[in-house]
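See below for the structure under consideration.
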Amino acid sequence: MGQRSAGRIVILTGAGISKESGLDTFRDADGIWARVRLEDVATPEAFARDPATVHAFYNARRQGLLAESVQPNPAHLALARLEAEWPGEVLLVTQNIDDLHERAGSRNLIHMHGEILKGRCLACGAVSAWREDMTLESRCRRCEAAGYLRVDVVWFGELPYQMERIYAALEACDLFVSIGTSGVVYPAAGFVEAVRSSGRAHSVELNLEPSDRHSAFAERIYGPASEVVPSFVERFLSEPG
Ligand code: BV8
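Quick note on numbering: the sequence shown equals residues 46 to 286 in our numbering.
Below, the structure written as structure tokens:
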């Protein structure tokens with residue numbers, strides 16, 4: 046990898062990239078799933094059974110994300126720099142529902158698991174920005190129906206967004222970089238296989254510790270994202286040719 050003009054890069058990020066910004070991961074010892082069962086808050090069945098509990102779960106995380114103290118960290122900023130300075134395409138696919146990549150300056154971005162700062166109306170299908178608490182009484186911004194809103198995230202058992210575009214990019218890329226993800230949740234955890242099937246791309250895992258899929262990667266660098274991601278981007282951009 047090094048053809049400066051032809052290199053297409055796909056990056057996958059998970060909750061680990063936002064940890065140093067103050068947002069919890071899911072499967073670390075102090076993670077979200079240590080406090081609440083995903084079956085109670087992150088499935089369509091949970092929402093049908095007890096929507097108030099699901100709203101409360103996401104309302105707390107949304108307010109946490111909007112806290113002044115939560116800012117993009119050097120890892121988010123390094124990925125925005127890579128997109129700005131690399132002559133080939135850089136596609137950032139995130140499993141995260143926060144907006145830290147956008148706030149860091151990333152533009153070519155897919156939120157495959159949706160976005161916590163958006164709401165979707167089950168009556169008319171409208172998706173709208175949503176920064177306040179969502180309740181059973183919340184009204185759709187377009188059709189004004191009350192009680193039909195859900196946070197616009199992908200729950201377990203639901204199909205992630207833009208999968209065709211993602212798989213096309215994975216099969217065409219020259220470099221795949223996975224950052225801050227445990228490699229537990231599919232289909233994201235299987236992306237490295239889609240890349241390897243092309244037989245051409247280099248694959249790198251940047252994580253605090255080996256993920257469940259670590260052995261599938263050609264290169265593995267471990268450490269906090271705010272350290273390993275900026276140094277990887279710096280090294281990559283300063284490579285000759
Ligand atoms: C699908 C919601 C099919 C938003 C999330 C039974 C029934 C149905 C489906 C399944 C089933 N069994 C298995 C499945 C598939 C299921 C799945 O994979 N389950 C797992 C648990 C086995 N997947 C799905 O259901 C997916 N959909 O399969 O649909 C389908 C097909 C056709 C038609 C219809 C349907 C949907 C998956 C998405 C679910 N939604 N979240 C939200 O609330 O956030 S998943 C949730 O996990 C988050 O989105 C999160 O992004 C994702 C992955 O977690 P990670 O980001 O990796 O975070 P984690 O804590 O795990 O790891 C953090 C890592 O960071 C660690 O490695 C840590 O070491 C590292 N780290 C920590 N600190 C740092 C760091 N790294 C660097 N620096 C640091 N400082």
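Where a beta carbon is used, it is the ideal one built from N, C-alpha and C, also for glycine.
| query | result |
| --- | --- |
| Outcome for T98 when other beta-carbon atoms lying within 10 angstroms are tallied against a minimum of 16 | exposed |
| A270 (DSSP reduced to helix, strand or coil) | helix |
| Span separating the alpha-carbon of N252 from that of V274 | 9 Å |
| Exposed unless 16 or more other CB atoms sit within 10 angstroms - verdict on C218 | buried |
| Per-residue burial, C188 [other beta carbons within 10 Å of its own, 16 or more giving buried] | exposed |
| F221 - DSSP class collapsed to helix/strand/coil | strand |
| V249 CB to nearest heavy atom of ligand 1 below 7 Å | no |
| Span separating the alpha-carbon of C185 from that of H146 | 27 Å |
| S223 beta carbon less than 8 Å from that of P119 | no |
| Chain-order list of residues whose beta-carbon lies under 8 Å from that of N300 (same chain, five-residue window excluded) | In this structure the chain extends from 46 to 286, so residue 300 is not present and cannot be described. |
| Expected contact under 8 Å - CB spacing of R107 and I62 to nearest Å | The pair is not a contact, with the Cβ atoms about 19 Å apart (cut-off 8 Å). |
| Unbroken beta strand (DSSP E) run spanning L136, endpoints | 135-139 |
| Distance between D73 and K163 (C-alpha atoms, nearest Å) | 26 Å |
| Closest residue to G170 among E209, E177, D197 (Cα-Cα distance) | D197 |
| Cross-strand partners of G159 (DSSP beta bridge) | V198 |
| Distance cut-off 7 Å: V278 Cβ against heavy atoms of ligand 1 | no |
| Closest residue to A190 among T180, R176, C166, E203 (Cα-Cα distance) | C166 |
| Segment limits, beta strand (DSSP E) that includes E250 | 247-252 |
| Per-residue DSSP class, three states only, for I211 | helix |
| For R101, the residue or residues it bridges with in DSSP | Just to set this straight, residue 101 is Ala in the shown sequence, not Arg. Paired residue(s): none; A101 is not in a bridge. |
| Own chain residues within Cβ distance below 8 Å of A105, not counting five before or after | none |
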